[in-house]
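Those sequence lines, one after another, are chains S and L.
The opening residue of the first sequence carries number 50 in the working numbering; numbering runs sequentially from there.
The opening residue of the second sequence carries number 6 in the working numbering; numbering runs sequentially from there.
A virtual CB, placed ideally from N, CA and C, is assigned to each residue, including glycine.
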Amino acid sequence: MIDNINTDIKILNEKINKESAIIDLLMLEMNKVIVGQKHMTERLLIALLSNGHILLEGVPGLAKTLAISTLSKTIDANFSRLQFTPDLLPADIIGTQIYSPKKETFSVKKGPIFANFILADEINRAPAKVQSALLEAMQERQVTIGGQSYELEKPFLVMATQNPVEQEGTYPLPEAQVDRFMLKVIIDYPNKEEEKIIVRNNLAKSFPQANAVLKTDAIIKARDLVKEVYMDEKIEQYIIDIVFATRFPQEYGLENLKDMISFGASPRASINLASACKAYAFIKRRGYVIPEDVRALCYDVLRHRIGLTYEAEAENISSEDIITQILNSVEIP
Amino acid sequence: MKKLIIFILIILSNKISLAENFQATLDTNAILIGQQIKFSLKCSDLNSEINWPILTDSILNGIEIIKFSKIDTIYNKDTSITYYQEFIITAWDSGAYYIPPIKLNNNLVSEGFLLNVFSIDIKESDSLKDIKEQIEAKFSLLDYWIWILVLLIVLLGIYLFNKFFNKSNQTATTKKVVIKIAPNIIATNALDKLEKKKLWQEGKIKEYYSEISEILRTYIDSRFNIIALELTTEEIINKISKNISSESTKELRTLLLRSDLAKFAKSKPIDVENNESMLLAKKLVDQTKVEIHE
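Next up, the structure:
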């Protein structure tokens with residue numbers, strides 16, 4: 050069946066099969082440290098390959114921070130870890146100008162954001178002004194210090210974690226910033242077998258360590274290949290329909306959701322869903338996107354982009370419930 | 006000394022005689038707050054001019070007049086006249102009030118009174134009480150006349166509607182007969198129609214497979230009650246595999262995957278496969294149709 054595929058896509062498939070070896074390498078190294086959590090590691094790779102940022106949410110102790118730091122270690126790149134606290138200042142992240150009395154000039158002291166991989170740990174523990182300091186960096190991939198803009202290194206990926214349980218002393222991320230995260234992944238508990246291995250690994254004499262197996266160039270090359278993954282106009286239409294259904298549910302026969310959604314997903318959601326689908330197809334060694342890819346990523350791309358009304362909250366309806374209803378109503382091409 | 010005693014006695018006797026002509030009386034000297042008591046003025050055997058006090062709202066600051074009578078004039082047998090007036094008074098503040106003597110003229114002066122007003126002892130354990138009991142409104146049908154009228158009009162309207170409109174409907178009743186076509190017939194007809202379009206023969210492979218997969222999904226939707234139009238190929242296969250044979254599942258998978266590749270990956274199946282796809286679709290519909298036994 051695959052033999053009938055258009056020559057361009059066939060070539061792309063072969064190319065992807067060849068180049069996607071880096072996925073195996075990364076997965077192998079990550080699996081040395083991270084037990085289970087396949088969904089999370091796969092999403093981390095999607096974010097890495099589609100030049101997006103990722104927000105991991107889960108209760109403490111689910112290896113969120115470990116997963117991110119492990120991914121950073123597998124790639125020979127600069128890595129910064131920012132522990133967000135209530136007293137953190139924007140200058141602590143982006144850097145500042147320092148006056149030298151000797152030279153009578155200001156010099157720029159770059160902050161930890163000048164790295165390839167940023168781990169923003171417990172991002173909701175810092176106030177909004179610090180969170181918004183990340184905005185320009187995340188979207189424009191540049192930082193402005195003292196009126197001068199500085200481009201950030203490539204690849205640049207912000208991987209943030211947040212804990213949904215403790216609400217005291219936390220600052221919920223503003224909608225504008227949440228929207229800048231390509232994916233919001235909810236981490237669940239490992240199963241019994243996985244937890245057994247986790248215990249064993251932690252009690253062993255030495256904890257497994259991940260090695261740097263890739264250069265940043267390989268990632269940039271893979272990203273270029275991901276962009277080449279074919280997305281049919283029908284798939285584009287499917288993505289648009291899903292995103293529009295979050296905005297105008299009544300047009301898709303979902304009148305009951307009209308009062309549940311205060312605001313729908315932004316155009317950035319469509320862009321991110323499309324590019325995440327391409328990265329997902331790449332991970333699955335395919336040169337083309339299928340509806341399965343869209344459905345697989347819909348929750349992670351849309352869950353933080355749908356605003357719920359008080360009515361929805363009162364009725365205990367989550368954004369995941371809304372996405373499920375939308376997916377069950379929008380026709381697959 | 007003797008002269009002084011005689012003078013005092015004369016003065017006292019004069020006073021006593023004056024008090025007998027003009028009397029002010031009070032029911033009691035001690036009341037509870039808000040309690041109403043009677044205060045009266047009585048004057049008789051008048052030979053001199055008097056200034057009768059005009060009391061309408063209060064006797065003094067704090068003692069209110071609730072009600073007062075007209076000045077009553079009584080003609081006595083001995084040709085003397087007695088004037089009498091009654092007041093119902095009360096006080097709203099606790100304390101001791103001194104009602105000063107009332108003077109009609111230099112000779113006619115009443116006594117002064119001390120009126121003690123006590124408040125009610127309130128214990129913390131006592132429950133709250135209304136000042137007055139609630140007054141229940143008496144039920145009257147007249148209060149609801151407008152609603153009764155509306156109800157009667159509505160009932161009349163329903164009666165007239167039934168009488169005239171239903172009659173006319175009864176005379177020309179045509180029952181709508183909904184003919185439900187079996188899903189397999191709809192699917193077979195659609196597949197036949199698609200075959201006649203000769204889409205793949207004209208190079209419209211994508212359109213051909215889009216239609217063939219839509220016909221099959223619609224069929225699965227209505228035949229198996231699975232929302233196949235909103236499910237992916239793998240999801241459909243997972244759900245339908247319990248309802249159809251493994252061979253049919255395998256064929257359906259082949260057909261849907263081939264369609265997916267044609268739709269999303271620019272795949273161009275060869276002519277034999279295109280023909281086979283139509284045959285597979287028809288076979289699937291035929292094998293999974295609901296048998297109707299007459």
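Problem set entry | 8 Å Cβ cutoff met for S:N250 and S:V108 | no
For this session: Would you decide whether S:T123 is buried or exposed? Buried here means 16 or more other CB atoms lie within 10 Å of its CB.
Result: buried
For this session: Run through the stretch 84 to 152 of chain S for me and flag every whole beta strand (DSSP E) of 3 or more residues, listed as ranges in chain order.
Result: 103 to 106, 128 to 132, 144 to 149
Exercise. Counting contacts by CB-CB distance shorter than 8 Å, is S:R344 in contact with chain L?
Worked result: yes
For this session: Give me the Cα-Cα distance between S:V292 and S:S319, rounded to the nearest whole angstrom.
Result: 6 Å
Exercise. Does the count of Cβ pairs from the stretch 212 to 223 of chain L and the stretch 273 to 289 of chain L closer than 8 Å reach three?
Worked result: yes
Problem set entry | Partner residues on chain L for S:D281, Cβ-Cβ distance less than 7 Å | K268, F269
For this session: With DSSP collapsed to three states, give me the class of L:F92.
Result: strand
Problem set entry | Simplified DSSP assignment, three categories, for L:L204 | coil
For this session: Run down chain S in chain order and give the residues with a C-beta less than 8 Å from the C-beta of L:L289.
Result: Neighbours of L:L289 on chain S: none; closest Cβ ~17 Å, over 8 Å.
For this session: Under the assumption that S:A330 contacts S:V278 (Cβ atoms under 8 Å), give the Cβ distance between them as a whole number of angstroms.
Result: 5 Å
Problem set entry | Helix, strand or coil at S:F230 according to DSSP, with G and I counted as helix | coil
Exercise. Are the C-beta of L:E252 and some C-beta of chain S separated by less than 8 Å?
Worked result: no
Exercise. Which first and last residues belong to the beta strand (DSSP E) in which L:K244 is found?
Worked result: L:K244 -> not in any beta strand (DSSP E); alpha helix (DSSP H) instead, spanning 238 to 245.
Exercise. Sorted by chain position, which residues of the same chain lie with C-beta nearer than 7 Å to L:I13's C-beta, five sequence neighbours on each side aside?
Worked result: The predicted model places L:I13 with a pLDDT of 49, which falls under 50 and marks its position as unreliable, so this point remains unresolved.
Exercise. Can you tell me the Cα-Cα spacing of S:E300 and S:D170, whole angstroms?
Worked result: 40 Å
Exercise. Do S:N127 and S:N165 have their C-beta atoms closer together than 8 Å?
Worked result: yes
For this session: Could you have a look at L:I15 and say whether DSSP puts it in helix, strand or coil?
Result: Annotation note: pLDDT 46 at L:I15 (below 50); position unreliable, coordinate value reported separately. Note: L:I15 maps to helix in three-state DSSP.
Exercise. Any idea which residues DSSP pairs L:K72 with across the strands?
Worked result: L:I93
Exercise. Once you ignore the five residues that flank L:I15 on each side, which residues in its own chain have a CB closer than 7 Å to its CB?
Worked result: Because L:I15 sits at a pLDDT of 46, beneath the cut-off of 50, its placement in the model cannot be relied upon, and the following sentence gives the value as read from the coordinates. Excluding positions up to five away in sequence, the list is empty.
Exercise. Chain L partners of S:V338, CB-CB under 8 Å?
Worked result: F269
Exercise. Which bits of chain S does L:L236 rub up against, with CB to CB less than 8 Å?
Worked result: I381
Exercise. So S:M309 is in the beta strand (DSSP E); what residue range does that whole segment cover?
Worked result: Where S:M309 is concerned, there is no enclosing beta strand (DSSP E), given that its DSSP letter is neither H nor E.
Problem set entry | Limits of the beta strand (DSSP E) - the one that L:L119 falls within | 118 to 123
Problem set entry | Per-residue DSSP class, three states only, for L:I21 | For L:I21, the pLDDT reaches just 43, beneath the cut-off of 50, and the residue's location in the model is therefore unreliable, although a value from the coordinates is still provided. L:I21 falls in the helix class under three-state DSSP.
Exercise. On the three-pair Cβ rule with 8 Å, is the stretch 321 to 339 of chain S touching the stretch 87 to 101 of chain S?
Worked result: yes
Problem set entry | CA nearest to the CA of S:Y348, picked from S:Q132, S:K67, S:R92 | S:R92
For this session: Please list, in chain order, all residues of the same chain as S:S308 whose beta carbon is under 7 Å from its beta carbon, the five residues on each side excluded.
Result: Note that residue 308 of chain S is Asp in the sequence shown here, rather than Ser. Cβ neighbours of S:D308 beyond the five flanking positions: T358, E360.
Problem set entry | Straight-line gap, S:I142 to S:T90 (C-alpha atoms, nearest Å) | 26 Å
Problem set entry | chain L contacts made by the stretch 369 to 380 of chain S, where a contact means CB separation under 8 Å | L376, N377, S378, V379, E380
Problem set entry | S:L168 versus S:V227 - alpha carbon distance | 15 Å
Problem set entry | Alpha carbon of S:I366 to alpha carbon of S:I289, nearest angstrom | 23 Å
Exercise. How long is the line joining the alpha carbons of L:S227 and S:M280, rounded to whole angstroms?
Worked result: 30 Å
Problem set entry | The beta strand (DSSP E) enclosing L:F44, as first and last residue numbers | 42 to 49
Problem set entry | Minimum Cβ-Cβ distance from S:L65 to chain L less than 8 Å | The identity of residue 65 of chain S in the sequence shown is Ile, whereas the question assumes Leu. So no, S:I65 is outside the interface.
Exercise. Given that a residue counts as buried once 16 or more other Cβ atoms are within 10 Å of its Cβ, and exposed if not, what is S:I60?
Worked result: exposed
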